[in-house]
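Order-wise, the sequence lines are chains A and B.
1 is the number of the first residue of the first sequence in the working numbering; add one for each residue after it.
320 is the number of the first residue of the second sequence in the working numbering; add one for each residue after it.
Heads up, the beta-carbon is just placed ideally off N, CA and C, and yes, glycines get one too.
The structure under discussion appears below in the form of structure tokens.
Protein chains: 2
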Amino acid sequence: MRIVALAGGIGGARFLRGLLAAVGPQDEITVIGNTGDDIHLYGLKVCPDLDTVMYTLGGGIHEEQGWGRTDETWSIKAEMQEYGVGPEWFGLGDRDFATHLVRSQMLTAGYSLSQVTEALCVRWKPGVRLLPMSDDRVETHVRITDEQGTRAIHFQEYWVKLHAAVDAEAIIPVGADTAKPAPGVLEAIADADVILLPPSNPVVSIGTILSVPGIREAVAAAPAPVVGLSPIIGGAPVRGMADKVLAAVGVEATAEAVALDYGSALIDGWLVDTADQDSVAAVEAAGIACRAVPLLMTDVEATAEMARAALALAEQVRT
Amino acid sequence: MRIVALAGGIGGARFLRGLLAAVGPQDEITVIGNTGDDIHLYGLKVCPDLDTVMYTLGGGIHEEQGWGRTDETWSIKAEMQEYGVGPEWFGLGDRDFATHLVRSQMLTAGYSLSQVTEALCVRWKPGVRLLPMSDDRVETHVRITDEQGTRAIHFQEYWVKLHAAVDAEAIIPVGADTAKPAPGVLEAIADADVILLPPSNPVVSIGTILSVPGIREAVAAAPAPVVGLSPIIGGAPVRGMADKVLAAVGVEATAEAVALDYGSALIDGWLVDTADQDSVAAVEAAGIACRAVPLLMTDVEATAEMARAALALAEQVRT
């Protein structure tokens, strides 16, 4: 079976680990990773979501943290403080830096981000084919208003520096309008047997991927069933700031509202947590098959069970 | 007193530490640093000699090693091996990487190497004004012949990878012919009260600095006395590969031959080690005032004594 999953960072990566545990060795998983969180730091190209997927599936992730490397050292960060060079709010460990150095050197040499990602995965062997959504630069900016006035800041500044403590007024995927899907993305979607939307952020992860011209259309047009998993449980995101960015796009932070925002034109099936059992009927009324199952990714086996439920629902809605 | 010193890496840096201990707070030291050893690694600009001077005088050097940082970690190097990205023979620690990251980011932003060096020294406070010999790219290459044939390799490859185990046939300061002295270099030489040539490598350190058009001429024309310290003691370099690169330029590895190669047109005074007492007469016969004093930089005080001897000789030859 050929499975395509659109994925953001921590939530997407953890779901994929469960998915890998749920499928067999003959199944092929293609992950289309969000690059809207990418940021240039210290002259290097940093791809937090791609790296989180790569490290998580490749056994290099810092488990408790959910991002960054295990057995990390922080010498460069300490030195940067001594030099007075920021941003001090973004944590890049020394091991992590090595990835960004290799990536940046390859990009400077003329390789595309797809090619670089493939090269990095030669080491990490994530067990999936990891594709960036686009080789073109897309950067998610967030419009906020605070004592400095109204301005758009990089998503990383909004989330990592400001901890989403101010309201997001708009989400702007800068560059998305002219970006092209990376090589293989549209083909993978068209050829998929199942398309999954993991419980990643529906606005700044999945939404950003879908904002690349051609990707939303390809998912909607794909013959494969499309099944999503709600990142909202009981009216709140399990982690992250989905509630804040959903508000910015006028969508309530509920499992039901996220499903309806994706809409039946895009998704065929939707999993909500058992805590949101009440929303099943409303989602189904919108033409989206819906089931309530436990959606907390407490460990790999619980996550694999979520993946099995998603794949089972896909079979049920397959036309 | 305004003192100008031309300096390479480890030997130059250690001499400068002694010089700083020998002079008073009213004395101003300008160091013209060799950048011919500079190398681009992992997309970053690495300036080993400037950094060795900066770290040594700023209290950040790895004392035993003579290069690199104290309390260093090596996470990036380990990661690079995992990625299969070389060169594996060049040791860049994580703390050291931070310097190269800051430098490279500033260079990319359009700052000159002089400006970058000044910015880095804001942190390190080396107690001297550290100027690169040039803001233009100069790279010392070494011509060798081995089983792969005759070819020119980067000086770092010759020294760090091959340990100078093959004969150097020629020393080629690539780019030197069109390089310009960095801002302030010629002015510092012209305005100096004393010019010192520390016991740095006479070919690939001092020689490379002098190969930048205008610098040798400025030193020769300067009103200040020019005094050098022999890096060769008893017919061998104290450390490094001076014997190998001297052979490449047809100069014997003796304290006397190095002095005569600099020549009386360039230097007014020369210190040899007491082990080379016998060479004093020959150097003086060539019109260069010469004294034999202990030249082993065993500790800061011994090195300060060498600096005092050099300054004393400068006073004796001052016309």
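*What residue ranges within the region 488-564 of chain B form continuous alpha helix (DSSP H) runs of no fewer than 4 residues, ordered along the chain?*
504-510, 525-530 and 534-540
*asked:* So Gly468 (chain B) contacts chain A; which residues on that side make the cut at Cβ distance below 8 Å?
replied: The residue labelled residue 468 (chain B) in the question sits at position 149 within the second sequence. Under the 8 Å cutoff, chain A gives no residues; its nearest Cβ is about 26 Å from Gly468 (chain B).
*Name the residue from A:Lys244, A:Pro213 and A:Thr70 whose alpha carbon lies nearest to the alpha carbon of Asp135 (chain A).*
Here residue 135 (chain A) refers to the residue found at position 135 when the first sequence is read from its first residue. Closest option to Asp135 (chain A), Cα to Cα, is A:Pro213.
*Contacting residues, own chain, Cβ-Cβ under 7 Å from Asp465 (chain B) (five flanking each side not counted)*: The residue labelled residue 465 (chain B) in the question sits at position 146 within the second sequence. Taken in chain order, the residues that qualify are Val485.
*Please determine if the region 331-347 of chain B and the region 534-541 of chain B are in contact, where contact requires at least 3 C-beta pairs separated by less than 8 Å.*
No, the region 331-347 of chain B does not touch the region 534-541 of chain B.
*Going along chain B in order, which residues have a C-beta closer than 7 Å to the C-beta of Gln105 (chain A)?*
As a first step, residue 105 (chain A) must be located in the first sequence, where it is residue number 105. Neighbours of Gln105 (chain A) on chain B, chain order: Tyr361 and Gly362.
*asked:* If we require 4 or more residues per run, which alpha helix (DSSP H) segments fall completely within the region 326-393 of chain B?
replied: Listed in chain order, the complete alpha helix (DSSP H) runs (minimum 4 residues) inside the region 326-393 of chain B are 329-341 and 367-377.
_CB contact below 8 Å: Asp413 (chain B) versus chain A_ = Counted from its first residue, the second sequence places residue 413 (chain B) at position 94. Using a CB distance cut-off of 8 Å, Asp413 (chain B) counts as an interface residue toward chain A.
*Limits of the unbroken beta strand (DSSP E) element including Val591 (chain B)*: To locate residue 591 (chain B), count along the second sequence from 1; it is residue 272. Gly588 to Val591 is the extent of the beta strand (DSSP E) around Val591 (chain B).
*With distances taken from CA atoms, which of A:Ser104, A:Arg103, A:Val102 and A:Arg69 is nearest Arg92 (chain A)?*
As a first step, residue 92 (chain A) must be located in the first sequence, where it is residue number 92. The identity of residue 92 (chain A) in the sequence shown is Leu, whereas the question assumes Arg. Closest option to Leu92 (chain A), Cα to Cα, is A:Arg69.
_I want to verify the contact list: residues of chain A whose CB lies under 7 Å from the CB of Leu399 (chain B), in sequence order._
Looking up residue 399 (chain B) in the second sequence gives position 80. The residue asked about is misnamed: residue 399 (chain B) is Met in this sequence, not Leu. Within chain A, the residues near Met399 (chain B) are Ala98.
_Give me the chain E residues within the contact set of Arg123 (chain A), using Cβ-Cβ distance strictly less than 7 Å, ordered along the chain._
The structure shown contains no chain E; its protein chains are A and B.
*Which residue comes first and which comes last in the beta strand (DSSP E) that contains Val461 (chain B)?*
Taking the second sequence and counting its residues from 1, the one referred to as residue 461 (chain B) is at position 142. Per DSSP, Val461 (chain B) belongs to the beta strand (DSSP E) from Glu458 to Asp465.
*If the cut is a Cβ gap below 7 Å, which residues of chain A does Val365 (chain B) touch?*
Indexing the second sequence from 1 puts residue 365 (chain B) at position 46. Result: empty, since nearest Cβ-Cβ is about 12 Å, beyond 7 Å.
*State whether the region 174-188 of chain A contacts the region 45-62 of chain A, with contact taken as three or more CB pairs (one from each stretch) at a distance under 8 Å.*
no
*Measuring CB to CB, does Val546 (chain B) end up less than 8 Å from Leu632 (chain B)?*
Residue numbering aside, residue 546 (chain B) sits at position 227 when the second sequence is read from its first letter. Residue numbering aside, residue 632 (chain B) sits at position 313 when the second sequence is read from its first letter. Going by beta carbons, Val546 (chain B) and Leu632 (chain B) fall inside the 8 Å limit.
*Neighbourhood of Thr30 (chain A) by C-beta, 6 Å cutoff - its chain only, sequence neighbours within 5 removed*: Within the first sequence, numbered from 1, the residue matching residue 30 (chain A) stands at position 30. Scanning its chain for C-beta atoms nearer than 6 Å, with the 5 sequence neighbours on each side dropped, one finds around Thr30 (chain A) the residues Val4, Arg129 and Ala188, in chain order.
*Does the distance from the C-beta atom of Val372 (chain B) to that of Leu335 (chain B) stay below 8 Å?*
Numbered from 1 along the second sequence, position 53 holds the residue referred to as residue 372 (chain B). Numbered from 1 along the second sequence, position 16 holds the residue referred to as residue 335 (chain B). For Val372 (chain B) and Leu335 (chain B), yes; Cβs fall inside 8 Å.
*chain B contact for Thr30 (chain A) (CB, 8 Å cutoff)*: Looking up residue 30 (chain A) in the first sequence gives position 30. No, Thr30 (chain A) lies away from the interface with chain B (no Cβ there is under 8 Å from its Cβ).
_Cβ contact (3+ pairs, closer than 8 Å) linking the region 196-204 of chain A and the region 251-271 of chain A_ = Three or more pairs of CB atoms, one per stretch, sit closer than 8 Å, so the region 196-204 of chain A contacts the region 251-271 of chain A.
_Please report whether the beta-carbon of Ser114 (chain A) lies at a distance below 8 Å from any beta-carbon of chain B._
By 1-based counting over the first sequence, the position of residue 114 (chain A) is 114. So no, Ser114 (chain A) is outside the interface.
*Along the chain, where does the alpha helix (DSSP H) that runs through His419 (chain B) open and close?*
Taking the first residue of the second sequence as position 1, residue 419 (chain B) is located at position 100. Here the alpha helix (DSSP H) through His419 (chain B) covers Asp413 to Thr427.
*Continuous alpha helix (DSSP H) assignments of at least 4 residues falling wholly in the region 572-632 of chain B*: 574-581 and 599-604
*Using a beta-carbon distance below 8 Å, is Ile395 (chain B) in contact with chain A?*
Looking up residue 395 (chain B) in the second sequence gives position 76. It does; some Cβ of chain A falls within 8 Å.
*Please classify Glu458 (chain B): is it buried, with 16 or more other beta-carbons within 10 angstroms of its beta-carbon, or exposed?*
Locating residue 458 (chain B) in the second sequence gives position 139, counting from the first residue. It is buried - the Cβ of Glu458 (chain B) has at least 16 other Cβ atoms within 10 Å.
*Within its chain, find whatever has a CB closer than 6 Å to the CB of Gly12 (chain A); leave out the 5 residues flanking it on each side and keep chain order.*
Along the first sequence, one-based indexing puts residue 12 (chain A) at 12. Once the five neighbours on either side are set aside, the close Cβ partners of Gly12 (chain A) are Pro198 and Ser200.
*Compute the Euclidean distance between the alpha carbons of Pro406 (chain B) and Leu6 (chain A), then round it to the nearest angstrom.*
Numbered from 1 along the second sequence, position 87 holds the residue referred to as residue 406 (chain B). Numbered from 1 along the first sequence, position 6 holds the residue referred to as residue 6 (chain A). So the two alpha carbons sit approximately 36 Å from each other.
*Give the single residue among B:Leu439, B:Lys563 and B:Val441 whose Cα lies nearest to the Cα of His482 (chain B).*
Translated into the one-based positions of the second sequence, residue 482 (chain B) becomes position 163. Closest in alpha carbon position to His482 (chain B), among B:Leu439, B:Lys563 and B:Val441, is B:Lys563.
*Just grab the DSSP bridge partners of Leu449 (chain B) for me.*
By one-based count along the second sequence, residue 449 (chain B) stands at place 130. Note: Leu449 (chain B) sits in a beta bridge opposite B:Val350.
*Which residues in chain B sit within 7 Å of Thr73 (chain A), going by Cβ to Cβ distance?*
Within the first sequence, the letter at position 73 stands for residue 73 (chain A). The contacting residues are Thr392, Ser394 and Asp413.
_Counting C-beta neighbours from all protein chains within 10 Å, is the total for Ile364 (chain B) 16 or more, i.e. buried, or is it exposed?_
Reading the second sequence from its first residue, position 45 is the one you call residue 364 (chain B). Correcting the residue type first, residue 364 (chain B) is Lys in the shown sequence and not Ile. Per the 10 Å Cβ criterion, buried.
_Any C-beta of chain B under 8 Å from that of Thr56 (chain A)_ = Residue 56 (chain A) sits at position 56 when you count from the first residue of the first sequence. So no, Thr56 (chain A) is outside the interface.
*Contacts that Val421 (chain B) makes with chain A (C-beta to C-beta distance below 7 Å)*: The sequence position of residue 421 (chain B) within the second sequence is 102, counting from 1. The contacting residues are Tyr83 and Val85.
*Selection from B:Ala594, B:Ala340 and B:Gly355 that minimises the alpha carbon distance to Ala624 (chain B)*: Taking the second sequence and counting its residues from 1, the one referred to as residue 624 (chain B) is at position 305. Note on identity: in this sequence residue 624 (chain B) is Glu, with Ala being the wrong assignment. Here the closest residue by C-alpha is B:Ala340.
_For a contact defined as C-beta to C-beta under 9 Å, what are the partners of Thr427 (chain B) on chain A?_
Translated into positions along the second sequence, residue 427 (chain B) becomes position 108. Going along chain A in sequence order, the residues near Thr427 (chain B) (Cβ under 9 Å) are Gly43.
*Quick one: any contact between the region 601-609 of chain B and the region 565-584 of chain B, if contact means 3 or more CB pairs under 8 Å?*
yes
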